[in-house]
Amino acid sequence: MMSYIATTATAAMTELLSGQTGVHYRLAQRLVESDGPLSELVSPLIRTGHLSVEMADKAQGAAYPQLFVYCERIQNLLREKFSPFSGTVHVAVEVRHSQDRLERLQERAQLYTEAILDVLESCRGEWRPGYCFGGRYEVKFEPVRHGGKNFVQIVRITVPLEVNIG
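Read left to right, the sequence shown gives residues 377 to 542 (the numbering used here).
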């Protein structure tokens with residue numbers, strides 16, 4: 377049951393981010409609104425899995441920017457009696473941006489983060505039967521560190537989904 381819940385929640389998030397009005401669309405929209413050059417738009421690779429930067433680079437190549445989607449935590453809070461699962465599933469999206477110089481690294485990572493938040497704000501409600509997004513999220517900025525192309529910035533967005541499987 378837990379594996380099914382985690383896989384379904386991760387798949388729902390991945391579909392939202394990679395859909396027609398997903399991250400790619402929101403990035404282009406933000407760049408047009410800010411009069412930024414569309415040449416700066418690099419579509420992120422969207423992957424599933426909870427991998428460290430080093431492991432992902434070795435296994436899948438060092439292509440940036442990347443979005444990693446995974447289930448971070450599952451809480452069966454038994455909100456509904458006699459339901460096998462009624463609780464919260466925390467899905468994480470990690471924005472990983474890397475470049476050889478520090479200049480504008482954080483700014484670009486924030487651009488991708490804002491595009492994801494735009495997608496989330498437009499998708500409140502039921503994502504799949506029994507999987508509901510109420511609009512809450514948490515954003516955590518990790519310090520820039522060595523990795524990837526030289527420097528890497530990771531931003532983690534955690535989204536709680538209310539799940540009821542009856």
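A virtual CB, placed ideally from N, CA and C, is assigned to each residue, including glycine.
Item, Value
"Is residue 402 helix, strand or coil by DSSP?", "helix"
"Might you give, ordered along the chain, the residues of its own chain that have their beta carbon closer than 7 Å to the beta carbon of residue 400, omitting 5 neighbours on each side?", "419"
"Sorted by chain position, which residues of the same chain lie with C-beta nearer than 7 Å to residue 512's C-beta, five sequence neighbours on each side aside?", "536"
"With a cut-off of 8 Å on the beta carbons, I'd call residue 390 and residue 445 a contact; round off their distance for me.", "5 Å"
"What residue does the alpha helix (DSSP H) around residue 486 start on, and which one ends it?", "481-497"
"For residue 392, name the three-state secondary structure that DSSP assigns.", "helix"
"With distance defined between alpha-carbon atoms, name the residue in 382, 525, 504 and 489 nearest to residue 426.", "382"
"Is DSSP giving residue 379 helix, strand or coil here?", "helix"
"What residues are listed by DSSP as bridge partners for residue 511?", "For residue 511, which the question treats as bridged, DSSP gives no partner whatsoever."
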